[in-house]
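Novice:
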Amino acid sequence: MTTKYFWRLAPLIFVVFWSGGYTFAKLGLTYIEPMTMLAVRYGIAVCLLLPIIFLFSRPWPTTVKYWLVLMITGFLMQCVYFGLSYLAFKKGINAGTAAVIMSLQPILVAALGPAVIGSRGGRHLWAGLIIGFIGVALVVMSGNSLGPSPWTAVFLALSALTGITLATLFEKWHGMKTDPMIGGFVQYIVGFFFLMPVAIMTETMVIIWHPELIISLAYLVIANSIVSVGIYMALLQRGDATSISSLLYLVPPLAMFIAWTVLDETITKLALAGFALSAVGVFIVVKRSS
12 MTTKYFWRLA PLIFVVFWSG GYTFAKLGLT YIEPMTMLAV RYGIAVCLLL PIIFLFSRPW
72 PTTVKYWLVL MITGFLMQCV YFGLSYLAFK KGINAGTAAV IMSLQPILVA ALGPAVIGSR
132 GGRHLWAGLI IGFIGVALVV MSGNSLGPSP WTAVFLALSA LTGITLATLF EKWHGMKTDP
192 MIGGFVQYIV GFFFLMPVAI MTETMVIIWH PELIISLAYL VIANSIVSVG IYMALLQRGD
252 ATSISSLLYL VPPLAMFIAW TVLDETITKL ALAGFALSAV GVFIVVKRSS
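Under the working numbering, the first residue of the sequence shown is numbered 12, with each subsequent residue one higher.
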């Protein structure tokens, strides 16, 4: 596959693999605690990436600033975003609800962009933000297995949303071109050494090696950690933060479908209405920002 065709397919690959992460994380957490699962996930990812990095002779950071940039991004993505997301799953949030909450990320990027990275803003941003949050509220309050989700879990998911939003804005703000493979490796090193002590201090670290957990970890490490995060960071460096973040708008329907097939989560009419409102909010922001 040529580079040209790869970058055309990259957004689609990202959306498909990222969408499945919600379901497989929730599936795996049946057999392992959240911080332990992330520490294991990051440890495996590091072991897989290191020989690949040496095989393809990827460029290592040469300055302290370069290392700090990668470490800050890693903390925001792997510790704040994934850490709080997994806690939300453990507290009972549904995969579909979490995906809808995370779909607000492009709105927050567009709303905060003018102050952080000097992108354009306006009243349409706040209109989209309000509409989007109303949509999320409807999804959270809907009946059956997509909702309602415990409010503690919803709060954790919203806090996780700030993690990936800040990581996206920081990535555009510093403007440094970082190798996605090296960037991912450093991110997972940061995630492992930060969350492993948390797991040791707060969890039993008991792991039930059920086949579903093994399948879940395999998906999360390869499809989510290595492929999805690598593509997302590479796309961010190639394009506008708002337009790249808008890819997350495509995630909820696919995430809901995967959760329905794997976890048997149902989707109510109120949840669909909430998703539609969130989609309208994101569309307003992305359309006016493009």
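Just so it is clear, CB atoms sit at the ideal spot from N, CA and C, and this is done for glycine as well.
Classify K76 as helix, strand or coil using the three-state DSSP reduction.
Specialist: Residue state, collapsed to three classes: helix.
Novice: Under the three-state reduction of DSSP, which class applies to V26: helix, strand or coil?
Specialist: Correct three-state label for V26: helix.
Novice: What span of residues does the alpha helix (DSSP H) with V91 cover, start to end?
Specialist: Neither: V91 is in no alpha helix (DSSP H) and is coded neither H nor E.
Novice: With a threshold of 16 other CB atoms inside 10 Å of the CB of S239, please say whether the residue is buried or exposed.
Specialist: Buried: at least 16 other Cβ atoms inside 10 Å.
Novice: Quick one, which of L261, S236, W29 has its alpha-carbon nearest I200's?
Specialist: Ranking L261, S236, W29 by Cα distance to I200 puts S236 first.
Novice: How big is the Cα-Cα spacing for L40 and F100?
Specialist: Rounded to the nearest angstrom, the two C-alpha atoms are 8 Å apart.
Novice: Go ahead and label F203 buried or exposed: buried means 16 or more other beta carbons lie within 10 angstroms of its beta carbon, across all protein chains shown.
Specialist: Under this definition F203 is a buried residue.
Novice: Here's the rule I'm using: 16 or more other beta-carbon atoms within 10 Å means buried, otherwise exposed. How should L157 be labelled?
Specialist: Only weak support exists for where L157 lies, its pLDDT of 48 falling under 50; the value from the coordinates is given anyway. Buried, since its Cβ has 16 or more Cβ neighbours within 10 Å.
Novice: Looking only at C-alpha atoms, which of E44, W162, M46 sits nearest to T108?
Specialist: Selected option, being the one with the closest Cα: W162.
Novice: Nearest-angstrom Cα distance between F25 and F17?
Specialist: Distance between the alpha carbons of F25 and F17: 12 Å.
Novice: Under a three-way DSSP split, which group does P45 fall into?
Specialist: If DSSP states are grouped into helix, strand and coil, P45 belongs with the helices.
Novice: Would you call D275 buried or exposed, if buried means 16 or more other Cβ atoms sit within 10 Å of its Cβ?
Specialist: Result: exposed.
Novice: Would M192 pass as a contact of F93 if the rule is Cβ separation under 9 Å?
Specialist: Cβ distance not < 9 Å, so M192 and F93 don't count as in contact.
Novice: Does DSSP classify E182 as helix, strand or coil?
Specialist: E182 falls in the helix class under three-state DSSP.
Novice: Are I112 and V147 touching if we call contact CB-CB under 9 Å?
Specialist: Yes, the Cβ-Cβ distance between I112 and V147 is below 9 Å.
Novice: How many Å lie between Y53 and L231 at the Cα?
Specialist: Y53 and L231: Cα-Cα distance of roughly 10 Å.
Novice: Whose C-alpha, out of Q198, I118, F268, is nearest the C-alpha of S289?
Specialist: Residue I118 is the option with its Cα nearest to S289.
Novice: Which value, in whole angstroms, describes the spacing of the CA atoms of A266 and R134?
Specialist: Computed Cα separation, rounded: 30 Å.
Novice: Here's the rule: buried if 16 or more other CB atoms are within 10 angstroms of the residue's CB, otherwise exposed. What is K188?
Specialist: Exposed.
Novice: Closest to K183 by C-alpha separation, out of T213, A171, Y243, L149, would be which residue?
Specialist: Selected option, being the one with the closest Cα: Y243.
Novice: Are the Cβ atoms of V273 and I43 separated by less than 9 Å?
Specialist: In this structure, I43 does not lie closer than 9 Å to V273 by Cβ.
Novice: Have a look at Q116, V197, L98, M82 and flag the residue whose alpha-carbon is nearest the alpha-carbon of M46.
Specialist: For the residues Q116, V197, L98, M82, the minimum Cα distance to M46 belongs to L98.
Novice: K101 by DSSP, collapsed to three states: which one?
Specialist: If DSSP states are grouped into helix, strand and coil, K101 belongs with the helices.
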